Amino acid sequence: MLADRLFHSGEHPVYTVRTVEGLRVTGTANHPLLCLVDVAGVPTLLWKLIDEIKPGDYAVIQRSAFSVDCAGFARGKPEFAPTTYTVGVPGLVRFLEAHHRDPDAQAIADELTDGRFYYAKVASVTDAGVQPVYSLRVDTADHAFITNGFVSHNTEARLTPLAMEMLREIDEETVDFIPNYDGRVQEPTVLPSRFPNLLANGSGGIAVGMATNIPPHNLRELAEAVFWCLDNFDADEEATLKAVTERVKGPTFPPPG
């Protein structure tokens, strides 16, 4: 991964998460960590914010190539290691005992026990004071981390050519701009997208105190709605909403498989 710029995001309160093995990570309260949680009895990997993590939780740590070899997962090993013992997935045995006849149970177990992850029990989450917070700009989509204070949500990546179509002609007064939250820069109210990506592909995300999960929609129906809007650009919001909902009947979910 090639990093080409380091950002100083200011001084912020940070917290240190320590595991029983002595591993630790320090970050802001809204920094996400991948954790193993119990969702209705099913061991599941979910992102949790540092301020949501409590002692007894399990942080997910991705093994390096060397640690995978040391754990006995190298292909050259003459014998197989007992995976459930070596990986140690909390709650997995109890889950398999209850759902071993369910074909989906095997898929869940495979993802959790393929050797990529180590599940470290959280011993403590402590206040680490106010520290400098940094992030990296990188040339890949990977997250960048700076130890002792970091914010992964400030990491930047290069846009793909398709993503650039969402921004084309944004500097030609195609959309309105408003001040950002602190008034330092101007930001667009919408993107001048040539493709209704949000409705076509859907989206999901979380923020402070809110969340959304927008499903995908049928592309032909969306095209009919877009053409109507182009032909009736002077229609008010109520008429536009009525016309669009008449043409776009509802979400169109992809078929399984």
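Going by my numbering, the final residue of the sequence shown carries number 435, and the count climbs one at a time with no gaps. By construction, the Cβ of each residue, glycine as well, lies at the ideal position given by its N, Cα and C atoms. Here the structure is a predicted model, which means the values were calculated and not measured.
Thinking residue i and residue j are a contact (beta carbons under 8 Å), I'd like their distance in whole angstroms, please.
i	j	result
residue 299	residue 198	5 Å
residue 308	residue 191	5 Å
Suppose you measure from the CA of residue i to the CA of residue j; what does that come to, to the nearest Å?
i	j	result
residue 425	residue 398	9 Å
residue 361	residue 355	12 Å
residue 387	residue 205	20 Å
residue 319	residue 341	Bear in mind that the predicted position of residue 319 carries a pLDDT of just 47, short of 50, making it unreliable; the figure below should be weighed with that in mind. So the two alpha carbons sit approximately 13 Å from each other.
residue 295	residue 239	5 Å
residue 412	residue 370	18 Å
residue 392	residue 377	7 Å
residue 344	residue 351	15 Å
residue 423	residue 301	52 Å
residue 416	residue 404	16 Å
residue 234	residue 194	15 Å
residue 402	residue 368	21 Å
residue 210	residue 220	21 Å
residue 201	residue 389	31 Å
residue 196	residue 217	23 Å
residue 305	residue 226	17 Å
residue 409	residue 357	31 Å
residue 414	residue 433	36 Å
residue 359	residue 339	29 Å
Check whether the Cβ atoms of residue i and residue j sit closer than 8 Å, and answer yes or no.
i	j	result
residue 212	residue 297	no
residue 394	residue 375	no
residue 311	residue 188	yes
residue 228	residue 207	yes
Applying the criterion that 16 or more other CB atoms from any shown protein chain within 10 Å of the CB defines a buried residue, is residue i buried or exposed?
i	result
residue 236	buried
residue 224	exposed
residue 384	exposed
Spatial neighbours of residue i within its chain, please: CB distance less than 6 Å, with the 5 preceding and 5 following residues excluded, ordered by chain position.
i	result
residue 366	353 and 355
residue 222	215
residue 421	406
residue 381	392
Leaving out five residues before and five after residue i in sequence, what residues of the same chain have Cβ atoms less than 7 Å from its Cβ?
i	result
residue 418	407
residue 346	370 and 372
residue 429	393, 394 and 395
residue 427	399
In its own chain, which residues sit with a C-beta less than 8 Å from the C-beta of residue i, not counting the 5 before and 5 after it?
i	result
residue 348	366, 369 and 370
residue 431	393 and 394
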